[in-house]
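Below is one structure, written out as structure tokens; comments come after it.
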Amino acid sequence: MQKKAARNFDSEFFRRFYLDPKTAAASREDLAARAHYVAAFADYLELDVRRILDAGCGLGLMRTTFRRMFPKARYVGLETSDYLCRKFGWRRGSVVDWRGAGRFDIVVCYDVLQYLGDREAERALANLARLCRGLLHFSALTREDWLYHCDKTRTDPDVNLRPAAWYRRRLRRGFHEAGAGLWVRRGTPVTLWSLEFVP
Numbered sequence: 002m003q004k005k006a007a008r009n010f011d012s013e014f015f016r017r018f019y020l021d022p023k024t025a026a027a028s029r030e031d032l033a034a035r036a037h038y039v040a041a042f043a044d045y046l047e048l049d050v051r052r053i054l055d056a057g058c059g060l061g062l063m064r065t066t067f068r069r070m071f072p073k074a075r076y077v078g079l080e081t082s083d084y085l086c087r088k089f090g091w092r093r094g095s096v097v098d099w100r101g102a103g104r105f106d107i108v109v110c111y112d113v114l115q116y117l118g119d120r121e122a123e124r125a126l127a128n129l130a131r132l133c134r135g136l137l138h139f140s141a142l143t144r145e146d147w148l149y150h151c152d153k154t155r156t157d158p159d160v161n162l163r164p165a166a167w168y169r170r171r172l173r174r175g176f177h178e179a180g181a182g183l184w185v186r187r188g189t190p191v192t193l194w195s196l197e198f199v200p
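Sequential numbering of the sequence shown, starting at 2, is according to this note's numbering.
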């Protein structure tokens with residue numbers, strides 16, 4: 002059964018899952034390291050990174066690393082949380098239908114889509130393909146993660162758990178899977194060697 006699509010992402014949610022070391026699902030260091038490897042792969046592909054979209058950016062814990070590695074790039078944080086938009090000045094909107102002006106060289110969508118119902122998640126995946134012209138980093142809690150990988154004491158259970166294959170099928174319409182949550186937009190003028198992507 003699908004959970005509600007709407008959630009109150011208030012200060013308590015972010016305190017519990019991001020700020021309290023006893024209950025946090027991810028730390029500042031985890032997200033800085035994640036941003037570093039995304040940026041390093043973009044650098045390896047020789048992407049000219051001028052625009053970065055962090056869709057569902059939360060506290061913006063990847064922003065510092067991206068700014069350090071791409072000092073001339075514009076970072077856009079997109080959030081549905083009124084609380085975070087007021088606190089940090091993020092762009093208010095949903096990955097489901099936000100358009101923005103132009104496309105982005107790097108798009109990050111980290112642990113957002115499990116909060117959406119199937120129809121909204123499908124629309125969001127199609128929108129990610131519209132917004133991205135280079136590299137996408139995508140992650141969502143899957144059914145397999147819940148069963149085998151995550152620490153359930155630190156993971157929000159109020160989500161929609163879909164199989165990883167559900168996401169992969171839809172992402173492959175617009176992207177080549179490069180592994181470790183990295184997806185290269187089809188048509189991007191880069192070379193991916195045969196063992197660097199999943200055919």
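In this text, a Cβ means the ideal position worked out from N, Cα and C, and glycines have one as well.
- In this structure R163 is not in contact with F176, their Cβ atoms being roughly 18 Å apart against a cut-off of 8 Å.
- The distance from the Cβ of C86 to that of V96 is about 14 Å, inconsistent with a contact at the 8 Å cut-off.
- For L183, DSSP records a beta bridge to H138 and G180.
- Here Y76 is buried: its Cβ has 16 or more other Cβ atoms, across all protein chains shown, within 10 Å.
- In the structure shown, F105 falls within a strand segment according to DSSP collapsed to helix, strand and coil.
- Beta-carbon to beta-carbon, F42 and L136 are separated by about 7 Å, close enough to satisfy the 8 Å threshold.
- The shortest C-alpha to C-alpha distance from L196 to any of T66, R104, R144 and E178 is the one to E178.
- Contact check for V50 against D112 fails: the beta carbons are separated by 9 Å or more.
- As the crow flies, the alpha-carbon of D152 is around 12 Å from that of L142.
- If you draw a 10 Å sphere on the C-beta of G90, you find fewer than 16 other C-beta atoms in it, and that means exposed.
- Distance between G78 and D98, taken at the CA atoms: about 15 Å.
- For D31, the uninterrupted alpha helix (DSSP H) segment begins and ends at R29 to Y45.
- L148 counts as exposed, since fewer than 16 other C-beta atoms from the protein chains shown sit within 10 angstroms of its C-beta.
- The beta-bridge partner set that DSSP reports for D83 is empty.
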